[in-house]
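Note that our numbering has the sequence shown beginning at 176, numbered continuously upward. The structure under discussion appears below in the form of structure tokens.
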Amino acid sequence: MELKIEQLQKKYGENTVLDIPELTIHSGELVGLVGNNGAGKTTLLRLMLDVIEATQGRVLSGDQNVAASEVWKTYTGSFIDKHFLIDFYTPEEYFTFIAKIYDIAKETLQQRLEEYAPLMNGEILGTRKYLKDFSEGNRQKIGIIGAMMINPKVLLLDEPFNYLDPSSQIIISKLIQKINQEIGTTVLISSHNLNFIADISTRILLLEKGQLVKDLPNHDGSATSELNAYFTREE
């Protein structure tokens, strides 16, 4: 599913926090979004999910304006932060809730959850705990699994490697690659972890102060040297 940005701008008062005149993410791409704190990464993802209102411009998912349509929600998986969770659900209740929304049969849900067993590491299902009582790392895992288990056509993740131990980071990166390669999901992930972004992304977007300053193809990590040079440059 193709994603397109047209004259997208977000202002808070006189402060412009995001200004992207044009951007297309092609169907089936796995795109990394990088930048320092305050670059506008989370703002961009929130605009793409219609969580906040654009000052001007629009985001298209397929041919649907996300601010004027509900259709895109039926095939989009996302996890931005813990506010996407339902704290007084158990993991089982949370996953069942999502399955009902996306019309996923009980048997199919169980099969899909089994695919994420290595990530859950025996610490999530069957614990009888509410989501609010899990560690930040396990809450992160639950949110990401909820976004991915619907087999979305579009997947948007903000800092998916946060709070996770190295083993879980590796598993997450492999799961993102798998869903992209096996079912052709269009993926956009933001992260401060340049190593994982360079390892799995086919293209990397670099934001600075709300503007897209680099759009790099990334074949076998080819963007790594340019990114490292950018982030280590002398001011």
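From the three backbone atoms N, C-alpha and C, an ideal C-beta is built for every residue, glycine too.
Problem set entry | Neighbourhood of residue 274 by C-beta, 7 angstroms cutoff - its chain only, sequence neighbours within 5 removed | Answer for residue 274: 284, listed in chain order.
Problem set entry | Collapsed DSSP secondary structure at residue 371 in the structure displayed | helix
Problem set entry | Own chain residues within Cβ distance below 6 angstroms of residue 181, not counting five before or after | 232 and 233
For this session: Compute the Euclidean distance between the alpha carbons of residue 215 and residue 266, then round it to the nearest angstrom.
Result: 31 angstroms
Problem set entry | Option nearest residue 314 by Cα separation, candidates 187, 264, 365 and 325 | 264
For this session: Assign residue 395 to one of three DSSP states: helix, strand, or coil.
Result: coil
For this session: Determine the closest residue to residue 253 out of 368, 186 and 324, with distance taken between C-alpha atoms.
Result: In terms of CA proximity to residue 253, 324 leads the group 368, 186 and 324.
For this session: Compute the distance between the beta-carbons of residue 256 and residue 194, then report whether it is under 9 angstroms.
Result: no
Exercise. Looking at the unbroken beta strand (DSSP E) that takes in residue 361, where does it start and where does it end?
Worked result: It spans 361-365 - the beta strand (DSSP E) in which residue 361 sits, taken as one unbroken run.
For this session: Compute the Euclidean distance between the alpha carbons of residue 207 and residue 229, then round it to the nearest angstrom.
Result: 22 angstroms
Exercise. Taking all protein chains shown into account, do 16 or more other C-beta atoms lie within 10 angstroms of the C-beta of residue 221, making it buried, or fewer, making it exposed?
Worked result: Looking at its Cβ environment, which holds 16 or more other Cβ atoms inside 10 Å, residue 221 is buried.
Problem set entry | Other residues of its chain near residue 311: CB distance less than 6 angstroms, five sequence neighbours each side excluded | 338
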